[in-house]
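> I am attaching a structure below and will ask some questions about it afterwards.
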Amino acid sequence: MIQLQGVSKVYRVGPVKVTALADVSLEIEKGEFTVLAGPSGSGKTTLLRLLYRDEVPTEGEIRVAGFDVTGMRRSRIPHLRRAVGVVFQDAKLLPARNVYDNVAFVLRVLGTPRREITPRVMQTLKAVGLSARAQALPAQISQGEQQRAALARALVKEPALLLADEPTGNLDEAMADEILYLLSDIWNRGTTILLATHRATLADQLKRRTLVLDGGRLLKDED
Amino acid sequence: MLFFLIGEALRDLRRGGRVAVSAVLLIMLSLTALGAFWVLSLNLGRALVQWRDRFRVVVYLREEPPAGQVEGLLEKIEGVGGIQRLRYVSKGQALQALRRQIGGQASVVAELPANPLPASVEVTPAAEAMTPEGTRALIQRLSALAEVEEVQGGTAWVEWLAQFQGLLQAIGLSLGAVLALAAILTATTATTLVLHARREEMEIMRLVGASEMVIRLPLLLQGLIQGFVGALMAVGGLYLAFRLALPTLEPLLSVTLGLPGAAFFAPAEIAVLVGGGSLLGGLGGLRAKGEKPA
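So the protein lines, in turn, are chains S and A. Heads up: the first sequence is residues 1 to 223, going by the numbering used here. Heads up: the second sequence is residues 1001 to 1294, going by the numbering used here.
If you want it as structure tokens, here you go:
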């Protein structure tokens, strides 16, 4: 599902070069649940952004869900992103739209036939336990519920790969556990998951393959 | 998808608020200015066509030719070239025409000792001779004929009117162009404001794999809708003004230009105005710059 070969990412800030990732090579199979662990600034978010082509690597090759991300033309980027769901620490919900519309918005912009939208949205909201809150605005629900709505938005297009960047970062322990439980549930249904977190305990708790990044280098890859 | 895109465009219009309304009003103003000059020019053009059609060069003859020589004389006149058709008017026919013209005073004509009017030939110049230069040359050629006493006729005033029509069109186009530019800039500003308001939405759209066309199309549609509404308002306003001015305008046109009535735009011309307005708005929407896509 994911292949990185000698990937580096260097940012230039005036005359200064900042290395965010250095010579990272890894492979994640279809159906895996992988944790990408490391302290803040270790390069986790950069790696995820490279995977959904929000950034271009300075060196190396990347393949995601069958797409050659490195040499990808701009016009092909939407095709890659339709195969990849992304959730962030901040749920990034549209504040003027209710939960239902936030999720349905994805299907609408992707040109899904109208008759399919409501059943798919409601099914996804049910899967994340939010069907009762469908008409609520983001400001009217808890942070945990907002994160679940963001998960529903990422999942409604049925992506092959889900990238989660610190999805529990803003949540208390109980809410974080709910999200982790949901992610496990999603993984059990066949979605490949790459979860980035700075919490070492979370990686231990999940007992999944863990990739440890530090200073932009892949330090450990352990099951 | 289309319903969604139109829905998004309408939502964006509401978000554009006063700036969006200003864009609509400016498009309306520019098209109203353009349209007003266009209507004036249109009616002037009708008068010109009518006058050109009625235009004649009158060739007064030294002597009335005997009936058997009229045909030959007409052929000789036609031979000078640049003539579409001609009509011989005998002295008797000229007098009859005078009687008809003076109506109640016709008895004055009866008291004349002899018919003082000369025989003449009414010449309709060919299309290529309907210019001041062409007419001047034709008059020169006709005056050179031995049978001709005097030649009357000229297109100078018709050409002056044509130049005036051109001036009206130029003023209308210049004013319309300046206002159109302002309208495009305002539509661009309105769309740019919406782009900023939609920043988060567009980020999400790009993230989930929406194509650039789907992301940009509502902006183009927003501009088109602004232009379309502005153009409809302009056409509506012009029509209302036209109907209100008609009772005053028609007698004036009849006296000054000889037109039986004033004309408004034909459906095709309305379509051009409305299409033009939509295009102005659409251009404004296309010019809007937002965040650089990832």
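Don't be surprised by glycine CBs; every beta carbon is placed ideally from N, CA and C.
Distance check for residue 1271 of chain A and residue 195 of chain S, CA to CA, integer angstroms please.
Taking the first sequence and counting its residues from 1, one reaches residue 195 of chain S at position 195. Taking the second sequence and counting its residues from 1, one reaches residue 1271 of chain A at position 271. Taking the straight line from one Cα to the other gives about 57 angstroms.
> Please report the distance separating the alpha-carbon of residue 3 of chain S from that of residue 181 of chain S.
Taking the first sequence and counting its residues from 1, the one referred to as residue 3 of chain S is at position 3. Taking the first sequence and counting its residues from 1, the one referred to as residue 181 of chain S is at position 181. Each residue's Cα considered, the two are about 27 angstroms apart.
> Hey, residue 1121 of chain A and residue 1077 of chain A are a contact pair by Cβ (cut 8 angstroms); roughly how many whole angstroms apart?
Counting from one through the second sequence, the residue named residue 1121 of chain A turns up at place 121. Counting from one through the second sequence, the residue named residue 1077 of chain A turns up at place 77. Confirmed, about 6 angstroms.
> Specify, as a first and last residue, the run of the beta strand (DSSP E) that residue 118 of chain S falls within.
Position 118 of the first sequence, counted from the first residue, corresponds to residue 118 of chain S. Unbroken run through residue 118 of chain S is the alpha helix (DSSP H), 114-127; no beta strand (DSSP E).
> Please determine if the stretch 128-143 of chain S and the stretch 91-99 of chain S are in contact, where contact requires at least 3 C-beta pairs separated by less than 8 angstroms.
They touch, by the three-pair rule.
> Taking the beta strand (DSSP E) that residue 221 of chain S falls in, what are its first and last residues?
Numbered from 1 along the first sequence, position 221 holds the residue referred to as residue 221 of chain S. Note, residue 221 of chain S: beta strand (DSSP E), 217-222.
> Have a look at the DSSP bridge pairing and note the partners of residue 1086 of chain A.
Sequence index remark: in the second sequence, residue 1086 of chain A carries index 86 (1-based). DSSP, once it has assigned bridges, lists A:1123 as partnering residue 1086 of chain A.
> Taking C-beta pairs closer than 7 angstroms, name the residues in chain B that residue 1214 of chain A reaches, listed in chain order.
The question asks about chain B, but that chain is absent: this structure's protein chains are S and A.
> Compare the C-beta of residue 1209 of chain A against all C-beta atoms of chain S and say whether one is closer than 7 angstroms.
Counting from one through the second sequence, the residue named residue 1209 of chain A turns up at place 209. Yes, residue 1209 of chain A counts as interfacial toward chain S.
> Give the C-beta separation of residue 1187 of chain A and residue 1281 of chain A to the nearest angstrom, bearing in mind that I take them to be a contact with Cβ-Cβ under 8 angstroms.
Against the second sequence, residue 1187 of chain A aligns to sequence position 187. Against the second sequence, residue 1281 of chain A aligns to sequence position 281. With 8 angstroms as the limit, residue 1187 of chain A and residue 1281 of chain A qualify as a contact, their Cβ atoms being about 5 angstroms apart.
> Can you list, in chain order, the residues of the stretch 1001-1016 of chain A whose Cβ is nearer than 7 angstroms to any Cβ on chain S?
Listed by position along the chain: 1001 and 1004.
> Using a Cβ cut-off of 7 angstroms (strictly closer), state whether residue 81 of chain S contacts chain A.
Indexing the first sequence from 1 puts residue 81 of chain S at position 81. Chain A contact via Cβ: present.
> Using CA atoms only, rank isn't needed, just tell me which of A:1001, A:1010 and A:1003 is closest to residue 1228 of chain A.
As a first step, residue 1228 of chain A is located in the second sequence; it is residue number 228 there, counting from the start. Ranking the options by Cα distance to residue 1228 of chain A, first place goes to A:1010.
> Under three-state DSSP, which class holds residue 1036 of chain A?
Translated into positions along the second sequence, residue 1036 of chain A becomes position 36. Residue 1036 of chain A: helix per DSSP, three-state reduction.
> At a Cβ cut of 9 angstroms, what residues of the stretch 26-45 of chain S count as close to chain A, listed as they run along the chain?
Under the 9 angstroms Cβ criterion, the stretch 26-45 of chain S contributes no residue.
> Whole angstroms is fine: what's the gap from residue 1071 of chain A's alpha carbon to residue 1235 of chain A's?
On the second sequence, position 71 is the one that residue 1071 of chain A refers to. On the second sequence, position 235 is the one that residue 1235 of chain A refers to. Their Cα atoms are separated by approximately 55 angstroms.
> Grab the span of the beta strand (DSSP E) containing residue 1108 of chain A for me, first residue to last.
Counted from its first residue, the second sequence places residue 1108 of chain A at position 108. Segment 1107-1110 is the alpha helix (DSSP H) holding residue 1108 of chain A; no beta strand (DSSP E) there.
> Just grab the DSSP bridge partners of residue 61 of chain S for me.
As a first step, residue 61 of chain S is located in the first sequence; it is residue number 61 there, counting from the start. Residue 61 of chain S is bridged to S:5.
> I'd like to know whether the C-beta atoms of residue 20 of chain S and residue 93 of chain S end up nearer to each other than 7 angstroms.
The residue given as residue 20 of chain S occupies position 20 in the first sequence. The residue given as residue 93 of chain S occupies position 93 in the first sequence. No. Outside cutoff.
> Out of curiosity, what's the CA-to-CA distance linking residue 128 of chain S and residue 204 of chain S?
Looking up residue 128 of chain S in the first sequence gives position 128. Looking up residue 204 of chain S in the first sequence gives position 204. In a straight line, the C-alpha of residue 128 of chain S is about 24 angstroms away from that of residue 204 of chain S.
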